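In the working numbering, the protein residues as written are 327 to 475. Glycine included, every Cβ here is placed at the ideal spot set by N, Cα and C. Only a predicted model underlies this, so the values are computations on that prediction, with no experimental measurement involved.
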(Lines of atoms letter the chains of each structure in order from A; the text may use other names.)
(Lines give C-alpha, C1' and ligand atoms only; values in the text may rest on other atoms or scores of the structure.)
Protein backbone atom coordinates (compact mmCIF):
# COMPACT_ATOMS: atom_id res chain seq x y z
CA UNK A 327 0.00 0.00 0.00
CA UNK A 328 1.36 3.41 -0.90
CA UNK A 329 2.06 5.76 2.00
CA UNK A 330 -0.06 8.63 0.63
CA UNK A 331 -3.19 6.45 0.66
CA UNK A 332 -2.95 5.45 4.33
CA UNK A 333 -4.78 7.06 7.21
CA UNK A 334 -4.20 7.08 10.93
CA UNK A 335 -6.91 7.19 13.58
CA UNK A 336 -6.76 9.38 16.65
CA UNK A 337 -9.03 9.67 19.67
CA UNK A 338 -9.69 12.61 21.97
CA UNK A 339 -11.74 13.09 25.09
CA UNK A 340 -13.56 16.27 26.02
CA UNK A 341 -13.86 16.17 29.79
CA UNK A 342 -16.77 18.25 31.08
CA UNK A 343 -16.96 19.39 34.72
CA UNK A 344 -20.04 20.08 36.87
CA UNK A 345 -20.05 23.73 35.69
CA UNK A 346 -20.18 22.76 32.01
CA UNK A 347 -16.56 23.70 31.36
CA UNK A 348 -14.20 21.58 29.23
CA UNK A 349 -10.63 20.63 30.07
CA UNK A 350 -7.97 21.79 27.62
CA UNK A 351 -4.33 20.79 27.80
CA UNK A 352 -1.43 22.86 26.52
CA UNK A 353 0.77 20.49 24.55
CA UNK A 354 4.51 20.53 25.30
CA UNK A 355 5.52 19.84 21.68
CA UNK A 356 3.79 22.80 20.01
CA UNK A 357 2.17 24.91 22.77
CA UNK A 358 -1.32 24.44 21.30
CA UNK A 359 -4.42 24.17 23.50
CA UNK A 360 -6.43 21.03 22.70
CA UNK A 361 -8.53 18.27 24.23
CA UNK A 362 -6.36 15.39 25.46
CA UNK A 363 -5.89 12.54 23.00
CA UNK A 364 -3.63 11.01 20.40
CA UNK A 365 -3.06 8.36 17.78
CA UNK A 366 -4.40 4.85 18.36
CA UNK A 367 -1.83 2.08 18.37
CA UNK A 368 -2.41 -0.47 15.61
CA UNK A 369 -3.48 -3.32 17.95
CA UNK A 370 -5.47 -1.12 20.34
CA UNK A 371 -9.24 -0.88 20.50
CA UNK A 372 -10.85 2.56 20.44
CA UNK A 373 -11.95 2.74 24.09
CA UNK A 374 -8.64 1.41 25.44
CA UNK A 375 -6.75 3.97 23.34
CA UNK A 376 -8.98 6.79 24.52
CA UNK A 377 -8.52 5.88 28.18
CA UNK A 378 -4.74 5.45 27.73
CA UNK A 379 -4.24 8.75 25.91
CA UNK A 380 -6.26 10.76 28.43
CA UNK A 381 -4.48 9.18 31.40
CA UNK A 382 -1.04 9.69 29.81
CA UNK A 383 -1.75 13.37 29.14
CA UNK A 384 -3.68 14.33 32.27
CA UNK A 385 -3.30 11.69 35.00
CA UNK A 386 -7.10 11.37 35.05
CA UNK A 387 -9.24 8.28 34.67
CA UNK A 388 -12.37 8.83 32.61
CA UNK A 389 -15.46 7.11 31.34
CA UNK A 390 -16.61 7.81 27.77
CA UNK A 391 -20.19 9.13 27.68
CA UNK A 392 -20.86 9.52 23.94
CA UNK A 393 -19.22 9.96 20.56
CA UNK A 394 -19.61 13.64 19.68
CA UNK A 395 -17.82 13.89 16.35
CA UNK A 396 -15.69 12.45 13.59
CA UNK A 397 -13.09 14.78 12.07
CA UNK A 398 -10.68 14.32 9.18
CA UNK A 399 -7.50 16.32 8.73
CA UNK A 400 -7.44 16.35 4.94
CA UNK A 401 -3.80 17.50 4.85
CA UNK A 402 -2.36 14.79 7.10
CA UNK A 403 -4.87 11.96 6.56
CA UNK A 404 -5.82 11.66 10.24
CA UNK A 405 -9.34 10.66 11.24
CA UNK A 406 -10.19 11.72 14.80
CA UNK A 407 -12.97 10.26 16.94
CA UNK A 408 -13.96 12.63 19.74
CA UNK A 409 -15.89 11.59 22.84
CA UNK A 410 -17.50 13.49 25.69
CA UNK A 411 -16.13 11.97 28.89
CA UNK A 412 -16.60 12.24 32.62
CA UNK A 413 -13.81 12.06 35.17
CA UNK A 414 -14.06 9.03 37.48
CA UNK A 415 -10.66 9.15 39.20
CA UNK A 416 -7.01 10.05 39.10
CA UNK A 417 -5.28 13.35 39.79
CA UNK A 418 -4.77 16.15 37.26
CA UNK A 419 -1.00 16.58 36.84
CA UNK A 420 1.49 17.92 34.31
CA UNK A 421 2.93 15.15 32.15
CA UNK A 422 5.59 14.62 29.49
CA UNK A 423 2.97 15.63 26.92
CA UNK A 424 1.03 18.42 28.68
CA UNK A 425 2.56 21.43 30.38
CA UNK A 426 -0.62 23.19 31.52
CA UNK A 427 -4.37 22.68 31.94
CA UNK A 428 -7.43 24.92 31.93
CA UNK A 429 -11.12 24.31 32.56
CA UNK A 430 -12.70 26.62 29.98
CA UNK A 431 -16.05 27.93 28.79
CA UNK A 432 -17.12 27.74 25.15
CA UNK A 433 -15.99 31.35 24.60
CA UNK A 434 -12.58 30.59 26.09
CA UNK A 435 -12.22 27.53 23.82
CA UNK A 436 -12.73 29.77 20.78
CA UNK A 437 -9.99 32.17 21.92
CA UNK A 438 -7.42 29.52 22.96
CA UNK A 439 -7.65 26.78 20.32
CA UNK A 440 -7.36 26.86 16.53
CA UNK A 441 -10.66 26.54 14.68
CA UNK A 442 -10.06 22.89 13.71
CA UNK A 443 -9.48 21.86 17.34
CA UNK A 444 -11.90 24.29 19.01
CA UNK A 445 -14.84 22.87 17.04
CA UNK A 446 -14.18 19.40 18.47
CA UNK A 447 -14.53 20.73 22.00
CA UNK A 448 -17.52 22.92 21.14
CA UNK A 449 -19.32 19.99 19.47
CA UNK A 450 -18.74 17.90 22.62
CA UNK A 451 -19.98 20.70 24.90
CA UNK A 452 -23.33 20.76 23.07
CA UNK A 453 -25.92 18.40 24.51
CA UNK A 454 -28.24 15.98 22.71
CA UNK A 455 -26.78 16.31 19.22
CA UNK A 456 -25.90 13.52 16.83
CA UNK A 457 -22.15 13.26 16.22
CA UNK A 458 -20.77 15.94 13.92
CA UNK A 459 -18.85 14.96 10.78
CA UNK A 460 -16.33 17.60 9.79
CA UNK A 461 -13.24 18.10 7.64
CA UNK A 462 -10.33 20.51 8.12
CA UNK A 463 -6.85 21.34 6.88
CA UNK A 464 -5.23 21.15 10.31
CA UNK A 465 -6.20 24.72 11.22
CA UNK A 466 -9.45 25.73 9.50
CA UNK A 467 -12.70 23.90 8.81
CA UNK A 468 -13.47 22.93 5.21
CA UNK A 469 -16.92 22.59 3.67
CA UNK A 470 -20.28 22.44 5.37
CA UNK A 471 -20.71 20.65 8.70
CA UNK A 472 -22.76 17.48 8.67
CA UNK A 473 -24.40 15.47 11.42
CA UNK A 474 -24.68 11.72 11.49
CA UNK A 475 -28.17 10.37 11.12
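Would you kindly check if the distance between the Cβ of residue j and the Cβ of residue i is under 8 Å?
| i | j | result |
| --- | --- | --- |
| residue 339 | residue 364 | no |
| residue 350 | residue 428 | yes |
| residue 395 | residue 333 | no |
| residue 430 | residue 348 | yes |
Check residue i in the structure and name its three-state DSSP category.
| i | result |
| --- | --- |
| residue 331 | helix |
| residue 392 | strand |
| residue 465 | coil |
| residue 376 | helix |
| residue 366 | coil |
Between residue i and residue j, what straight-line distance do the alpha-carbon atoms span, to the nearest angstrom?
| i | j | result |
| --- | --- | --- |
| residue 336 | residue 407 | 6 Å |
| residue 413 | residue 386 | 7 Å |
| residue 354 | residue 467 | 24 Å |
| residue 405 | residue 331 | 13 Å |
| residue 366 | residue 382 | 13 Å |
| residue 384 | residue 433 | 22 Å |
| residue 474 | residue 458 | Any reading at residue 474 is ruled out, since the residue's pLDDT is 48, under 50, leaving its predicted position unreliable. |
| residue 346 | residue 462 | 26 Å |
| residue 426 | residue 390 | 23 Å |
| residue 424 | residue 344 | 23 Å |
| residue 444 | residue 437 | 9 Å |
| residue 469 | residue 441 | 13 Å |
| residue 341 | residue 420 | 16 Å |
Which residues does DSSP pair with residue i in a beta bridge?
| i | result |
| --- | --- |
| residue 413 | 388 |
| residue 349 | 429 |
| residue 406 | 336 and 397 |
| residue 460 | 397 |
| residue 342 | 348 |
Sufficient close CB pairs (3 or more, under 8 Å) joining the segment 371–378 to the segment 450–462: no
Check whether the segment 388–399 and the segment 348–359 touch, using three or more Cβ-Cβ pairs below 8 Å as the test. no
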